[in-house]
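Line by line, the protein sequences are chains A and B.
Residue 531 in our numbering is what sits at position 442 of the first sequence, and the numbering runs on without skipping anything.
Residue 443 in our numbering is what sits at position 428 of the second sequence, and the numbering runs on without skipping anything.
Virtual Cβ for every residue (Gly too), placed ideally from N, Cα, C.
First the structure, in the form of structure tokens, and then the observations on it.
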Amino acid sequence: MIKKNFKNNKKYGNTSYIRLLNYAKPHTMKFIFAILIILFIVVIELYQPVLIGDVVDKFLVHYGIAESNIDTNLNNSNIIGVVKIALVYFASVVAIFLLSYAQAIILSRTGQKIIYNIRMELFNHLIKLPINFFTNNPIGKLVTRVTNDTEALNEMYTSVIVNILKSIFVLLGIVITMITYNFKLSLLTFTVIPFIVIFTFTFEKISKKIHRQIRNKISSINAFISEHVSGMRIVQVFAVEKEIFDKFDNENENLRKEHMKQLFTFSIYNPTNFVLNITAVSILIWFGSKMVLEGTITVGTIVIFQRYISKFFEPIQELAEQLNIVQSAMAASERIFGILDEEPEIKEDSNSIELKSFKGKIEFKNVWFSYKENEWILKDVSFKVNPGENVAFVGATGAGKTTIQNLICRYYDIQKGEILIDDINIKDISLTSLRKNIGQMLQDVFLFSGNVKSNIRLLNENITDEEIIESSKYVNADNFISKLSEVYDTHVIENGAAFSAGQRQLISFARTLVFKPDILILDEATANIDTETEVLIQDALKKLMKGRTTLIVAHRLSTVQNSDKIIVMHKGEIREEGNHQELLSQKGIYYKLYKLQYEQAL
Amino acid sequence: MNNKIKSKKTTGFMKSNYIRAFLKKYKFNYLLGVISLIVVDIAQTRVPIIVGSVIDQIESKNFHMTLISSVIIKLVSISIAIYIGRIAWRFFIFGTGRSIEKDIRNDMFLHLEKMSSRYFQDNTPGEIMAYMTNDLEAVRMVLGPGILFLIDVLAMGTITLYSMIVQIDPLLTLAGVVPLLLIAVSVRIMGRENRKRFRNKQEAFAELSKFVQEQLTGIKVIKSFVQEEKTIDAFERNVKRTYEKNMHLIKIQSLMHPFMQFISGLALAVAIGYGGYITIKQRITLGDFTAFIQYLSMLVWPMVATGMTINIFASGAASLERVESILNEPVEIKDSENLSNIDTLLGSIEVKNLNYKYPNTENQVLKNINFKIEKGQTLGIIGRTGSGKTTLVTLLLRLFDVDKNTVFINGEDLLNIPLKLLRENIGYVPQDNFLFSDTIKNNIDFGVRKGEMDKIIEAAKDSVVHENIIDFKDGYETVVGERGVVLSGGQKQRISIARALIKNPEILILDDSVSAVDTDTEEKILKHLNEKRKGKTNIIIAHRISTIQNSDKIIVLDDGKIVESGTHKELVHKKGLYHSIYEKQLLEKMLEEQK
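Have a look at this one:
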């Protein structure tokens with residue numbers, strides 16, 4: 090089922106590109122601005138070798154071999170010329186520094202803002218998906234979508250869009266400048282470019298493949314470590330340390346081999362580039378020197394060309410890298426869009442009713458429900474609860490008690506029948522007002538990290554501290570909270586591991602009460618709770634249930650006995666209904682359950 | 016823990032004896048690497064000199080094309096030398112780094128195999144994994160790139176500087192190099208700042224992940240209290256913080272490259288001005304001038320590398336502390352000094368006045384336990400969750416150590432039995448049915464590793480899981496776990512039983528191992544056990560009376576004490592705890608049969 094959910098990510102193909110670019114649209118001006126800056130930088134960078142060439146050609150050319158006597162006047166004007174060029178060069182360096190920094194910041198900020206928006210959109214969508222989406226998809230994977238996958242898009246906006254353009258500009262710039270100097274010599278040196286291109290792209294492809302293999306090997310070694318550390322007890326108990334070590338050694342060696350492959354690939358890459366560079370320089374020197382002899386070019390041209398040659402490599406490498414980034418961004422974006430395209434299963438009617446409060450009448454009319462097709466969890470269930478009544482549901486695990494509670498809050502839609510609250514079908518009530526007016530307490534109390542206070546008011550800042558304390562006192566939670574080191578501000582670690590089951594229960598009572606629900610739905614905890622806390626819980630429950638319609642999945646005898654009505658569920662059906670005495674006298678399932686679970690307690 | 020590591024940080028990376036042993040072991044590799052590196056460095060500095068001199072020649076127009084061709088041949092042969100040299104040093108230095116990485120990882124794993132269960136309770140797999148990957152990588156960085164950079168900086172820097180000073184001009188060199196020193200300093204400072212900001216960013220990111228994880232886990236609370244909008248607001252605060260920390264990091268990251276470019280540009284500007292000036296003054300030739308400019312760009316890298324080297328060594332030293340913290344962890348459970356000289360172990364067990372507390376805890380888990388079973392008998396243990404049943408059997412396996420003279424197997428003090436012999440003779444089926452993500456075949460054959468298919472199938476048949484296995488598409492080759500077939504709890508339990516049975520051990524321990532198996536299957540398994548394990552000892556922990564009612568002896572544990580013991584019949588007559596459990600389960604059975 091898990092797999093099915095993620096396979097849904099069809100092939101998005103080109104639509105992904107368009108969707109990704111759409112997020113960039115609001116920032117078009119910034120991208121244009123960044124591109125303009127880059128153009129400017131490219132022009133300056135290309136101009137720099139010209140400056141050096143100028144120094145040689147205009148001022149230094151006569152000092153090639155230290156013999157000629159040049160008069161001091163000329164010397165002085167040459168010195169001034171050289172210093173001027175040095176200053177201009179310095180200015181160009183400063184300009185590039187400022188411009189590239191500004192450019193990087195503008196782009197990064199834009200990229201980060203886009204990520205920010207995608208994350209918000211994603212979480213917004215995610216949190217509105219139905220409960221069963223979260224049972225079907227591992228939470229860990231969903232977290233990755235919101236965090237890592239969005240992060241993977243970052244480079245797409247901060248580097249790809251702009252750098253592809255930049256690399257093309259630079260390449261064109263170099264080619265054009267060289268051609269304007271000397272067409273023939275340019276064409277001759279360009280003969281290495283196709284080799285650079287072919288070599289670079291092949292290398293990128295191979296190195297990406299090896300990189301992927303390394304990632305695989307690393308994750309397999311990590312899995313091995315994690316698994317065997319968790320299962321080290323088994324390894325030791327079965328005395329197979331040696332054999333397992335051999336296996337580990339094997340994994341480890343595989344990783345090393347893969348690393349060596351990568352190492353070898355890289356060790357070819359740089360030297361090959363160097364050889365290509367030297368080849369170009371050799372071509373330049375061979376033909377250049379001939380041309381100097383013929384008088385068609387100056388030495389300065391050779392110096393300039395030599396510098397340009399080393400600049401071929403960067404933009405070509407850059408292009409190959411960017412294409413790689415695009416590919417991985419695409420993969421991440423498809424996973425993200427997969428979630429964004431997930432439809433909320435429970436749809437609200439556009440003219441659903443907003444209700445301020447409920448009187449508290451609940452009715453099930455011939456309800457049929459299944460999570461999976463044809464495996465009915467509830468079979469033709471009908472019952473009625475009057476305002477203010479307390480009803481206890483009893484039965485073995487899997488009888489359908491908890492399902493009934495989930496259906497009232499509309500976490501799932503039923504297949505057949507009707508559920509009515511105050512004689513209104515719950516499908517016609519807005520989800521917000523439905524859930525706001527029903528207080529649901531789960532068997533496992535989930536506590537968020539934060540403090541006690543924040544766990545009671547959740548995120549509702551308009552619930553005052555006084556209200557929190559008042560509710561806590563009412564449900565007997567204040568007793569233990571007031572003994573905590575920082576009282577209501579005591580830190581709660583993830584999932585409240587430091588609190589006992591009973592204390593968690595009391596906190597959840599306070600949480601529910603402070604939201605003032607009209608209907609109460611609760612699943613009594615089965616966990617072992619010490620007698621002292623147990624008494625407090627029983628007392629609190631009694632107070633909570635007073636005057637409120639309450640549906641409770643009961644595990645405690647006292648709770649059951651004090652209910653107005655007991656509904657006995659068995660395998661998805663209501664088998665018995667009535668109060669404690671009536672049911673006992675029937676000598677049916679309830680009678681047996683009673684003997685089984687409660688007799689001991691008496 | 017961080018504090019502990021920080022205070023010890025004074026010991027440098029190269030001072031560690033552990034690391035020194037490796038350097039010694041691989042000294043020839045490193046030596047060859049260093050030699051080829053220096054050859055490459057020298058060859059590389061020749062290139063600008065050759066190009067510079069040929070330009071001087073061309074400039075004077077006083078040359079033959081034969082001279083040019085000889086220059087080109089020179090260039091090509093140098094580039095070939097560089098080609099080979101570069102491959103060689105990568106192989107010798109980086110490759111050795113990878114070999115040592117592997118050796119260390121093996122050492123760590125080997126040591127982990129000797130650690131007690133206590134160690135694994137205190138150290139999560141996540142932490143251990145981080146040590147064996149991230150920290151090891153930081154150590155590897157020193158042994159590969161770190162050493163390379165160090166040598167490269169020294170060699171390249173010295174050679175280049177030497178050429179510049181001797182062949183061209185000392186003053187010009189000084190003027191050009193001083194600004195470059197700023198690069199080394201800035202890489203060091205920015206590198207440190209960068210790491211700090213990176214950590215902050217990672218923390219914010221982890222915080223965000225944690226938030227999403229927690230909210231999605233608690234989604235039901237959010238929905239039932241209609242907190243969606245508020246949660247989105249809280250999420251936005253998290254996203255905002257991530258955004259800010261990211262930008263904070265980006266600000267320094269984007270600065271690094273342009274800043275280095277700036278400094279090297281500055282050096283170049285100085286070289287043009289001053290170099291041009293002395294060329295005109297004829298202190299150097301035009302060829303010298305162009306060569307100098309090339310040299311200068313060759314110095315940028317050593318400067319960057321200096322900063323990087325310092326950073327690599329600094330974080331390598333911190334990580335090495337953590338790696339060594341695993342390697343130096345004392346082995347708690349090991350063979351005793353007065354080891355019994357035995358090579359077989361029969362299954363009689365006696366426990367005398369056994370009291371037990373887990374290390375570093377106050378709670379007495381077992382209190383004054385006494386019992387005795389003969390070889391070939393079956394012992395049943397029953398009791399509530401937390402009554403000490405599992406603790407009792409893990410002590411027999413020496414997953415934790417008991418006091419002397421409390422537990423005897425085959426008449427020997429447990430502590431004096433060779434650990435390997437002890438564990439080879441016990442078959443253990445743990446409560447959590449931990450299986451490895453491997454084939455079913457290998458999981459059953461785990462403790463034997465002979466790959467004898469008939470034995471494997473026999474064990475699977477005895478634990479009544481054979482039929483299930485052959486129903487899978489790949490049969491015994493089916494991979495279990497996350498990447499393969501997800502087994503039901505009952506299937507896992509039965510494979511886990513087969514894994515213990517195939518050893519045909521003297522003592523078999525089943526820790527609540529048939530809880531997820533239906534009663535019919537349970538009966539079959541118990542019947543097989545009865546047949547196959549004649550003369551061998553069994554210990555069966557159970558929640559269901561039916562599992563243990565035929566045992567030779569049953570003990571009832573409550574709160575760490577033996578409260579009742581005897582045979583099924585005797586215990587039912589006692590009308591104590593055992594009896595009440597029995598009654599309850601009878602009723603439950605009746606209810607099951609209803610309908």
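Nearest-angstrom Cβ-Cβ length linking residue i and residue j, presumed shorter than 8 Å
i: residue 209 of chain A; j: residue 414 of chain A; result: At roughly 23 Å, the Cβ-Cβ gap does not stay under 8 Å, so residue 209 of chain A and residue 414 of chain A are not in contact.
i: residue 643 of chain A; j: residue 482 of chain A; result: 7 Å
i: residue 664 of chain A; j: residue 678 of chain A; result: 6 Å
i: residue 513 of chain A; j: residue 497 of chain A; result: Between residue 497 of chain A and residue 513 of chain A the Cβ distance is about 13 Å, and since that is not below 8 Å, they are no contact.
i: residue 143 of chain B; j: residue 127 of chain B; result: 7 Å
i: residue 356 of chain A; j: residue 43 of chain B; result: Contact flag wrong, Cβ pair sits at about 19 Å.
CB contact check: residue i to chain B, cutoff 8 Å
i: residue 501 of chain A; result: no
i: residue 245 of chain A; result: no
i: residue 174 of chain A; result: yes
i: residue 330 of chain A; result: yes
i: residue 324 of chain A; result: yes
i: residue 674 of chain A; result: no
i: residue 395 of chain A; result: yes
Which of helix, strand or coil DSSP assigns to residue i
i: residue 659 of chain A; result: strand
i: residue 633 of chain B; result: Here chain B has residues from 16 to 610 only, and residue 633 of chain B is not among them.
i: residue 178 of chain A; result: helix
i: residue 630 of chain A; result: helix
i: residue 611 of chain B; result: Given that chain B is displayed from residue 16 to residue 610, the structure contains no residue 611 of chain B and the question cannot be resolved.
i: residue 579 of chain B; result: strand
i: residue 558 of chain B; result: coil
i: residue 664 of chain A; result: strand
i: residue 446 of chain B; result: coil
i: residue 130 of chain B; result: coil
i: residue 36 of chain A; result: Because chain A in this structure spans residues 90 to 691, residue 36 of chain A falls outside the shown range and cannot be described.
i: residue 638 of chain A; result: strand
i: residue 39 of chain B; result: helix
i: residue 679 of chain B; result: The structure shown does not extend to residue 679 of chain B, since chain B is modelled only from 16 to 610, so the question has no answer here.
i: residue 652 of chain A; result: coil
i: residue 449 of chain A; result: coil
i: residue 331 of chain B; result: helix
i: residue 577 of chain A; result: helix
Own chain, CB closer than 7 Å to residue i, minus 5 neighbours either side, in chain order
i: residue 361 of chain B; result: 390, 425 and 521
i: residue 49 of chain B; result: 166
i: residue 484 of chain A; result: 490, 657, 658 and 659
Same chain, Cβ closer than 8 Å to residue i, neighbours up to 5 away in sequence not counted
i: residue 573 of chain A; result: 541 and 579
i: residue 124 of chain B; result: 147
Any chain A beta carbon closer than 8 Å to residue i
i: residue 388 of chain B; result: no
i: residue 517 of chain B; result: no
i: residue 124 of chain B; result: yes
i: residue 241 of chain B; result: yes
Same chain, Cβ closer than 6 Å to residue i, neighbours up to 5 away in sequence not counted
i: residue 6 of chain B; result: Missing from the structure shown is residue 6 of chain B; chain B here goes from 16 to 610 and no further.
Residue i beta carbon near the ligand MG (any heavy atom closer than 7 Å)
i: residue 437 of chain B; result: In terms of ligand content, the structure shown is empty, and the ligand MG therefore cannot be addressed.
Would you check if there are 3 or more beta carbon pairs closer than 8 Å linking the region 416-425 of chain B to the region 576-584 of chain B?
-> no
At a cut of 8 Å, does the region 216-224 of chain A reach the region 427-434 of chain A through at least three beta carbon pairs?
-> yes
The region 429-437 of chain B / the region 312-324 of chain A touching (three or more Cβ pairs under 8 Å) = no
Just checking, does the region 485-505 of chain B make contact with the region 446-457 of chain B on the three C-beta pairs under 8 Å criterion?
-> yes
Pairing CB atoms from the region 81-95 of chain B with CB atoms from the region 313-325 of chain B, are three or more of them under 8 Å?
-> no
Would you call the region 192-200 of chain B and the region 307-322 of chain B in contact, with 3 or more CB pairs under 8 Å?
-> yes
Is there contact here, the region 351-365 of chain B with the region 223-237 of chain B, by at least three beta-carbon pairs under 8 Å?
-> no
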